[in-house]
Each structure stands twice: as structure tokens, then as C-alpha cells.
Amino acid sequence: MHRYPRWPIHLVLVGVSFVMLIPFYWVLKTSVTGENIFAYPPRILPTSPHPFYYVDVWYYIPFARYFLNSVIVSALAVVANVIFNAMAGYALTRDFPAKSFVLLLFLSCMMVPFQATIIPAYLITGRLGLLDSYLGLALPQFSTIVCIFVFKASFDAGP
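Once you know that position 158 of the sequence shown is 348 in my numbering, the rest is easy, because the numbers rise by one and skip nothing.
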């Protein structure tokens, strides 16, 4: 039994949850409002919602194809990421002469921000002739250092 009632905590959590959901509601409201999205004062409920904009997006823009492209690239990157990073993580659990140097090298590579690697990754992808292809989009994400460390920690925790 608790010494204090829990309902005030739950009330605060519900209130914070509603505050966190306001931006999602606002995006949904704006997407069905139409041309008067900049009306002043802003209205909480749309005056005349039109869900036809979603139909227009599916009709005029090949959104389904774009979504399928995203699914293909993501699936390719995830499968390759699991395969390559599992092998690298397992290799780092074993003892070899330069293990501490390799771990230090990986840690130092984590210090480089992702934005600094975008242009070199693009140039390498272009030299490989993989521009405008699924493989060219997924190739820079085939191995990430964070995933290698997650797999290494997982293998270290095993028997």
C-alpha cells in the first residue's frame, strides 16, 4: 500500500500527454483545413474540414511509389546492417592483438558527426556507379558504429 494517493501523479501525466499530443492534432487539423490555415485568430476546430486533400495527394502524386521506395531502401539497409554489424560485433568480442586499438578507432569515429560524412559517402557512391539506385541509397547505412557496439555488448553478455 502506498502512503500517498497516486491519482495526482496520474492526473499530471494525463495532462502532460495531452500537451504532447497538441502538435500532432494541429498537423492533422491543418491538413484538412484548406486555404484558410493562416486565419486569425486560429481556431481549435476546423470550420469546414475537407479530407479531399488526401485523395488529391494519392491521385496527383505517386505517393504509393515513394512509400514503396522508402520501404525497399529501409529493408535493404536494416538487413545489411544486422548482417554486417553482427559479424563485426562478434569479432570484437574475441581477443586479438589490436583489439583495444580497433575499439579506440571506432570510438573516435563516433566523434565525427553524421553530417560530415554525407558528402564523402555521396562521392564514393557516385564513383561506384550506384547513384539513382536502391543500393546507392542504402549503402552508406550498411554499417553503423552504434550498432556494432550494441551487438558487441549483446555478445559480451552471453555465456
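Cβ atoms here follow ideal geometry from the backbone N, Cα and C, with glycine treated the same way.
### Query
Would you say S328 and L266 are within 7 Å of each other, going by their C-beta atoms?
One point to set straight first is that residue 328 is Ala, not Ser, in the sequence displayed. Yes, they are a contact pair.
### Message
Quick check: the Cα distance between S333 and R255, rounded to an integer number of angstroms?
### Response
26 Å
### Task
Would you give the residue range spanned by the alpha helix (DSSP H) that H200 belongs to?
197–223
### Task
Assign T237 to one of two classes, buried (16 or more other C-beta atoms within 10 Å of its C-beta) or exposed (fewer than that).
exposed
### Message
With H, G and I counted as helix, E and B as strand and the rest as coil, what does DSSP make of I314?
### Response
Looking at I314 - three-state DSSP - the assignment turns out to be helix.
### Query
Beta-carbon separation of P239 and V217 under 7 Å?
no
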